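Residue numbers (the working numbering): 722 to 1051.
In what follows, a structure is listed as C-alpha coordinates, so that the remarks can point back to it.
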(Lines of atoms letter the chains of each structure in order from A and count residues from 1; the text may use other names and numbers.)
(Lines give C-alpha, C1' and ligand atoms only; values in the text may rest on other atoms or scores of the structure.)
Protein backbone atom coordinates (compact mmCIF):
# COMPACT_ATOMS: atom_id res chain seq x y z
CA UNK A 1 0.00 0.00 0.00
CA UNK A 2 2.88 2.33 0.84
CA UNK A 3 4.52 1.72 -2.52
CA UNK A 4 1.31 2.60 -4.38
CA UNK A 5 1.08 5.89 -2.51
CA UNK A 6 4.66 6.72 -3.36
CA UNK A 7 4.14 6.02 -7.06
CA UNK A 8 1.07 8.21 -7.16
CA UNK A 9 2.83 10.99 -5.35
CA UNK A 10 5.77 10.83 -7.74
CA UNK A 11 3.52 10.97 -10.77
CA UNK A 12 1.60 13.92 -9.43
CA UNK A 13 4.74 15.86 -8.73
CA UNK A 14 6.23 15.26 -12.17
CA UNK A 15 2.99 16.11 -13.99
CA UNK A 16 2.30 19.27 -12.01
CA UNK A 17 1.94 22.27 -14.39
CA UNK A 18 4.15 25.35 -14.26
CA UNK A 19 7.38 23.55 -13.46
CA UNK A 20 10.41 24.11 -15.74
CA UNK A 21 12.46 21.14 -16.79
CA UNK A 22 15.59 22.57 -15.24
CA UNK A 23 13.89 22.84 -11.88
CA UNK A 24 12.28 19.40 -11.77
CA UNK A 25 12.08 18.34 -8.16
CA UNK A 26 13.52 15.00 -7.19
CA UNK A 27 12.73 12.88 -4.26
CA UNK A 28 15.52 12.88 -1.70
CA UNK A 29 15.34 10.31 1.00
CA UNK A 30 17.66 10.85 3.90
CA UNK A 31 17.87 9.27 7.33
CA UNK A 32 16.65 11.50 10.14
CA UNK A 33 16.52 11.02 13.89
CA UNK A 34 13.20 11.49 15.65
CA UNK A 35 13.34 14.19 18.30
CA UNK A 36 10.89 12.39 20.57
CA UNK A 37 12.00 8.78 20.51
CA UNK A 38 15.60 9.22 19.30
CA UNK A 39 15.07 6.53 16.67
CA UNK A 40 16.27 6.78 13.10
CA UNK A 41 13.50 7.35 10.53
CA UNK A 42 13.42 8.08 6.81
CA UNK A 43 12.41 11.49 5.63
CA UNK A 44 11.38 12.40 2.09
CA UNK A 45 12.27 15.84 0.87
CA UNK A 46 12.21 17.33 -2.57
CA UNK A 47 15.08 19.28 -4.00
CA UNK A 48 15.62 20.37 -7.52
CA UNK A 49 18.46 18.83 -9.45
CA UNK A 50 19.94 22.28 -9.89
CA UNK A 51 19.94 22.88 -6.13
CA UNK A 52 21.49 19.50 -5.45
CA UNK A 53 24.20 20.05 -8.01
CA UNK A 54 24.97 23.52 -6.71
CA UNK A 55 24.97 22.37 -3.08
CA UNK A 56 27.29 19.49 -3.88
CA UNK A 57 29.71 21.80 -5.63
CA UNK A 58 29.67 24.17 -2.72
CA UNK A 59 30.30 21.40 -0.22
CA UNK A 60 33.12 19.96 -2.29
CA UNK A 61 34.79 23.32 -2.81
CA UNK A 62 34.31 24.35 0.79
CA UNK A 63 35.71 21.12 2.21
CA UNK A 64 39.04 21.85 3.93
CA UNK A 65 42.13 20.06 2.67
CA UNK A 66 43.24 17.62 5.32
CA UNK A 67 46.96 17.49 6.38
CA UNK A 68 49.02 15.69 9.01
CA UNK A 69 48.50 17.04 12.50
CA UNK A 70 51.28 19.30 13.67
CA UNK A 71 52.20 17.03 16.53
CA UNK A 72 52.60 14.06 14.21
CA UNK A 73 54.66 16.13 11.79
CA UNK A 74 56.98 17.32 14.58
CA UNK A 75 57.32 13.79 15.84
CA UNK A 76 58.28 12.49 12.40
CA UNK A 77 60.81 15.30 12.00
CA UNK A 78 62.32 14.49 15.40
CA UNK A 79 62.56 10.82 14.51
CA UNK A 80 64.36 11.66 11.26
CA UNK A 81 66.74 13.97 13.10
CA UNK A 82 67.43 11.35 15.77
CA UNK A 83 68.11 8.75 13.08
CA UNK A 84 70.61 11.06 11.38
CA UNK A 85 72.34 11.80 14.70
CA UNK A 86 72.59 8.11 15.53
CA UNK A 87 74.03 7.37 12.08
CA UNK A 88 76.58 10.19 12.42
CA UNK A 89 77.56 8.98 15.91
CA UNK A 90 77.97 5.40 14.71
CA UNK A 91 80.15 6.56 11.82
CA UNK A 92 82.30 8.63 14.18
CA UNK A 93 82.67 5.72 16.59
CA UNK A 94 83.68 3.39 13.78
CA UNK A 95 86.27 5.93 12.62
CA UNK A 96 87.69 6.23 16.14
CA UNK A 97 87.87 2.45 16.53
CA UNK A 98 89.63 2.10 13.17
CA UNK A 99 92.06 4.89 14.04
CA UNK A 100 92.80 3.35 17.44
CA UNK A 101 93.36 -0.07 15.87
CA UNK A 102 95.72 1.28 13.21
CA UNK A 103 97.64 3.21 15.87
CA UNK A 104 98.00 0.09 18.01
CA UNK A 105 99.27 -1.92 15.04
CA UNK A 106 101.76 0.82 14.13
CA UNK A 107 103.02 1.10 17.71
CA UNK A 108 103.49 -2.62 18.11
CA UNK A 109 105.31 -2.82 14.78
CA UNK A 110 107.54 0.10 15.78
CA UNK A 111 108.39 -1.41 19.16
CA UNK A 112 109.04 -4.79 17.57
CA UNK A 113 111.39 -3.22 15.02
CA UNK A 114 113.34 -1.27 17.67
CA UNK A 115 113.64 -4.26 19.99
CA UNK A 116 114.66 -6.55 17.14
CA UNK A 117 117.34 -4.15 15.94
CA UNK A 118 118.66 -3.64 19.47
CA UNK A 119 118.73 -7.36 20.23
CA UNK A 120 120.47 -8.10 16.95
CA UNK A 121 123.13 -5.45 17.59
CA UNK A 122 123.75 -6.63 21.15
CA UNK A 123 123.85 -10.37 20.56
CA UNK A 124 125.89 -10.25 17.35
CA UNK A 125 128.65 -7.99 18.63
CA UNK A 126 131.11 -10.91 18.37
CA UNK A 127 129.65 -12.48 15.25
CA UNK A 128 132.91 -12.04 13.35
CA UNK A 129 134.98 -13.92 15.96
CA UNK A 130 132.67 -16.36 17.72
CA UNK A 131 133.27 -19.25 15.34
CA UNK A 132 133.93 -22.35 17.42
CA UNK A 133 132.67 -20.73 20.64
CA UNK A 134 130.24 -22.43 22.95
CA UNK A 135 126.90 -20.67 23.56
CA UNK A 136 127.77 -19.86 27.17
CA UNK A 137 131.01 -18.24 25.99
CA UNK A 138 129.05 -16.01 23.63
CA UNK A 139 126.67 -14.98 26.42
CA UNK A 140 129.48 -14.25 28.85
CA UNK A 141 131.28 -12.03 26.35
CA UNK A 142 128.21 -9.98 25.35
CA UNK A 143 128.41 -7.27 28.10
CA UNK A 144 132.18 -6.80 27.93
CA UNK A 145 132.44 -6.76 24.16
CA UNK A 146 129.47 -4.42 23.76
CA UNK A 147 131.12 -1.93 26.10
CA UNK A 148 134.36 -2.19 24.13
CA UNK A 149 132.44 -1.66 20.90
CA UNK A 150 130.79 1.44 22.37
CA UNK A 151 134.12 2.90 23.51
CA UNK A 152 135.61 2.34 20.09
CA UNK A 153 132.63 3.94 18.35
CA UNK A 154 132.44 6.96 20.67
CA UNK A 155 136.15 7.55 20.13
CA UNK A 156 135.98 7.30 16.35
CA UNK A 157 132.59 9.02 15.80
CA UNK A 158 131.59 10.83 19.00
CA UNK A 159 128.88 13.09 17.59
CA UNK A 160 126.82 10.45 15.71
CA UNK A 161 127.07 7.98 18.61
CA UNK A 162 126.02 10.50 21.26
CA UNK A 163 123.29 11.84 18.99
CA UNK A 164 121.92 8.32 18.52
CA UNK A 165 121.98 7.68 22.28
CA UNK A 166 120.09 10.91 22.96
CA UNK A 167 117.56 10.09 20.25
CA UNK A 168 116.86 6.72 21.87
CA UNK A 169 116.61 8.45 25.26
CA UNK A 170 113.90 10.83 24.07
CA UNK A 171 112.15 8.04 22.18
CA UNK A 172 111.81 6.02 25.38
CA UNK A 173 111.08 9.07 27.53
CA UNK A 174 108.20 10.29 25.40
CA UNK A 175 106.70 6.82 25.22
CA UNK A 176 106.98 6.55 28.99
CA UNK A 177 105.24 9.91 29.40
CA UNK A 178 102.38 8.91 27.11
CA UNK A 179 102.00 5.56 28.87
CA UNK A 180 101.52 7.34 32.19
CA UNK A 181 99.03 9.77 30.66
CA UNK A 182 97.06 7.02 28.91
CA UNK A 183 97.05 4.84 32.01
CA UNK A 184 94.91 7.44 33.79
CA UNK A 185 92.12 6.87 31.24
CA UNK A 186 92.45 3.08 31.10
CA UNK A 187 94.46 2.90 27.85
CA UNK A 188 97.86 1.30 27.30
CA UNK A 189 101.17 2.13 25.66
CA UNK A 190 99.83 0.68 22.40
CA UNK A 191 97.46 3.67 22.17
CA UNK A 192 100.30 6.21 22.24
CA UNK A 193 100.70 8.74 19.44
CA UNK A 194 103.59 7.40 17.33
CA UNK A 195 104.16 10.72 15.58
CA UNK A 196 104.67 12.46 18.91
CA UNK A 197 107.22 9.80 19.89
CA UNK A 198 109.07 10.20 16.60
CA UNK A 199 109.09 14.01 16.90
CA UNK A 200 110.66 13.80 20.34
CA UNK A 201 113.22 11.25 19.16
CA UNK A 202 114.07 13.43 16.15
CA UNK A 203 114.73 16.46 18.35
CA UNK A 204 117.00 14.38 20.56
CA UNK A 205 118.86 12.89 17.61
CA UNK A 206 119.39 16.02 15.53
CA UNK A 207 119.65 18.81 18.12
CA UNK A 208 119.99 17.78 21.75
CA UNK A 209 122.56 15.01 21.29
CA UNK A 210 125.10 17.15 19.39
CA UNK A 211 124.37 20.09 21.72
CA UNK A 212 125.18 18.00 24.80
CA UNK A 213 128.35 16.64 23.21
CA UNK A 214 129.84 20.03 22.36
CA UNK A 215 128.75 21.58 25.65
CA UNK A 216 130.38 18.95 27.88
CA UNK A 217 133.50 18.92 25.71
CA UNK A 218 133.72 22.70 26.14
CA UNK A 219 133.10 22.62 29.91
CA UNK A 220 135.84 20.00 30.27
CA UNK A 221 138.33 22.54 28.93
CA UNK A 222 137.36 25.21 31.49
CA UNK A 223 139.62 25.60 34.49
CA UNK A 224 136.69 26.28 36.79
CA UNK A 225 135.81 24.87 40.14
CA UNK A 226 133.07 22.27 40.11
CA UNK A 227 130.47 24.50 41.84
CA UNK A 228 130.81 27.09 39.08
CA UNK A 229 130.39 24.43 36.41
CA UNK A 230 127.26 23.18 38.15
CA UNK A 231 125.96 26.75 38.37
CA UNK A 232 126.51 27.16 34.64
CA UNK A 233 124.69 23.88 34.01
CA UNK A 234 121.63 24.87 36.02
CA UNK A 235 121.24 28.38 34.59
CA UNK A 236 122.31 29.19 31.05
CA UNK A 237 122.71 25.66 29.71
CA UNK A 238 119.51 24.23 31.20
CA UNK A 239 117.44 27.21 30.05
CA UNK A 240 118.86 27.03 26.52
CA UNK A 241 118.43 23.24 26.43
CA UNK A 242 114.76 23.50 27.43
CA UNK A 243 114.18 26.25 24.88
CA UNK A 244 115.62 24.19 22.03
CA UNK A 245 113.50 21.17 22.95
CA UNK A 246 110.22 23.02 23.50
CA UNK A 247 110.44 25.27 20.44
CA UNK A 248 111.58 22.47 18.13
CA UNK A 249 108.90 20.08 19.32
CA UNK A 250 106.12 22.63 18.88
CA UNK A 251 107.35 23.61 15.41
CA UNK A 252 107.50 19.98 14.28
CA UNK A 253 103.93 19.54 15.55
CA UNK A 254 102.79 22.21 13.08
CA UNK A 255 102.03 24.96 15.59
CA UNK A 256 102.67 28.61 14.68
CA UNK A 257 105.99 29.79 16.04
CA UNK A 258 104.34 32.67 17.89
CA UNK A 259 101.95 30.34 19.69
CA UNK A 260 104.80 28.00 20.63
CA UNK A 261 106.82 30.88 22.04
CA UNK A 262 103.86 32.16 24.05
CA UNK A 263 103.23 28.68 25.43
CA UNK A 264 106.91 28.23 26.29
CA UNK A 265 107.03 31.52 28.18
CA UNK A 266 104.15 30.28 30.30
CA UNK A 267 106.03 27.05 31.11
CA UNK A 268 109.56 28.46 31.42
CA UNK A 269 109.81 28.49 35.21
CA UNK A 270 108.03 25.17 35.57
CA UNK A 271 110.58 23.51 33.31
CA UNK A 272 113.52 25.21 34.98
CA UNK A 273 112.48 24.40 38.55
CA UNK A 274 111.70 20.80 37.55
CA UNK A 275 115.29 20.48 36.32
CA UNK A 276 116.64 21.91 39.57
CA UNK A 277 115.06 19.03 41.48
CA UNK A 278 117.13 16.50 39.53
CA UNK A 279 120.23 17.85 37.84
CA UNK A 280 122.35 19.41 40.66
CA UNK A 281 122.95 16.02 42.31
CA UNK A 282 123.54 14.41 38.92
CA UNK A 283 126.03 17.16 38.06
CA UNK A 284 128.09 16.42 41.16
CA UNK A 285 128.56 12.84 39.98
CA UNK A 286 129.12 14.01 36.40
CA UNK A 287 132.07 16.30 37.22
CA UNK A 288 133.68 14.09 39.87
CA UNK A 289 133.38 10.49 38.68
CA UNK A 290 132.43 10.34 34.99
CA UNK A 291 135.11 10.78 32.25
CA UNK A 292 134.30 13.51 29.70
CA UNK A 293 133.80 11.06 26.81
CA UNK A 294 131.13 9.16 28.78
CA UNK A 295 129.28 12.09 30.31
CA UNK A 296 126.59 12.19 27.62
CA UNK A 297 125.90 8.48 28.14
CA UNK A 298 125.61 9.03 31.90
CA UNK A 299 123.39 12.08 31.46
CA UNK A 300 121.15 10.29 28.96
CA UNK A 301 120.65 7.36 31.33
CA UNK A 302 119.20 9.79 33.90
CA UNK A 303 117.54 11.93 31.27
CA UNK A 304 114.92 9.30 30.40
CA UNK A 305 112.94 10.54 33.40
CA UNK A 306 113.61 14.19 32.59
CA UNK A 307 112.66 13.76 28.93
CA UNK A 308 109.36 12.21 30.03
CA UNK A 309 108.74 15.28 32.18
CA UNK A 310 109.65 17.62 29.33
CA UNK A 311 107.35 15.77 26.95
CA UNK A 312 104.45 15.91 29.41
CA UNK A 313 104.78 19.66 29.89
CA UNK A 314 105.40 20.41 26.21
CA UNK A 315 102.37 18.41 25.03
CA UNK A 316 99.83 19.34 27.67
CA UNK A 317 96.70 21.14 26.55
CA UNK A 318 96.97 24.91 26.97
CA UNK A 319 94.78 26.34 29.70
CA UNK A 320 91.92 28.33 28.23
CA UNK A 321 91.62 31.99 29.24
CA UNK A 322 88.98 32.59 31.91
CA UNK A 323 85.77 34.20 30.68
CA UNK A 324 85.54 37.97 31.14
CA UNK A 325 83.66 39.16 34.24
CA UNK A 326 80.03 40.15 33.71
CA UNK A 327 79.30 43.86 33.29
CA UNK A 328 78.24 45.70 36.44
CA UNK A 329 74.55 45.90 37.10
CA UNK A 330 73.18 49.42 36.80
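For glycine and all other residues, C-beta sits at the position ideal for the given N, C-alpha and C.
A quick note: this is a predicted structure, and the numbers were derived from the prediction, not measured.
Member of the options whose CA lies at the smallest distance from the CA of residue i
i, options, result
"residue 929", "1018, 863 and 822", "1018"
"residue 1000", "966, 944, 958 and 932", "958"
"residue 821", "914, 865 and 842", "914"
"residue 982", "876, 963, 995 and 867", "963"
"residue 843", "906, 828 and 860", "860"
"residue 987", "816, 849 and 1035", "1035"
"residue 965", "989, 878, 943 and 942", "989"
"residue 1015", "884, 946 and 838", "884"
"residue 910", "897, 996 and 917", "897"
"residue 1008", "937, 974, 823 and 817", "937"
"residue 1031", "835, 960, 932 and 827", "960"
"residue 888", "931, 973 and 857", "931"
"residue 933", "991, 1021 and 840", "1021"
"residue 1012", "940, 994 and 976", "940"
"residue 993", "956, 984 and 935", "956"
"residue 1037", "852, 974 and 886", "974"
"residue 995", "978, 1033 and 1006", "1033"
"residue 947", "1006, 917 and 979", "1006"
"residue 824", "942, 976, 943 and 912", "912"
"residue 919", "806, 804, 817 and 835", "835"
"residue 1029", "871, 943, 942 and 917", "917"
"residue 846", "830, 977, 826 and 874", "874"
"residue 881", "935, 944, 808 and 815", "935"
Span of the alpha helix (DSSP H), counted from its first residue to its last, around residue i
i, result
"residue 930", "930-941"
"residue 867", "856-877"
"residue 991", "978-997"
"residue 1033", "1016-1035"
"residue 960", "959-973"
"residue 920", "915-924"
"residue 946", "No alpha helix (DSSP H) contains residue 946, which DSSP labels as neither H nor E."
"residue 1002", "1000-1009"
Three or more C-beta pairs below 8 Å linking the region 949-958 and the region 885-905: no
With three or more beta-carbon pairs closer than 8 Å as the criterion, would you say the region 1019-1031 touches the region 875-894? yes
Does the pairing of the region 966-977 with the region 924-940 give three or more beta-carbon distances under 8 Å? Yes, they touch.
If you pair each beta-carbon of the region 1002-1013 with each one of the region 851-868, do three or more pairs fall below 8 Å? Cβ pair count under 8 Å is below three, so no.
Please list the segments of the beta strand (DSSP E) lying wholly inside the region 797-839, counting only runs of 3 or more residues, in order along the chain. Runs of beta strand (DSSP E) with 3 or more residues, each lying fully within the region 797-839, are absent.
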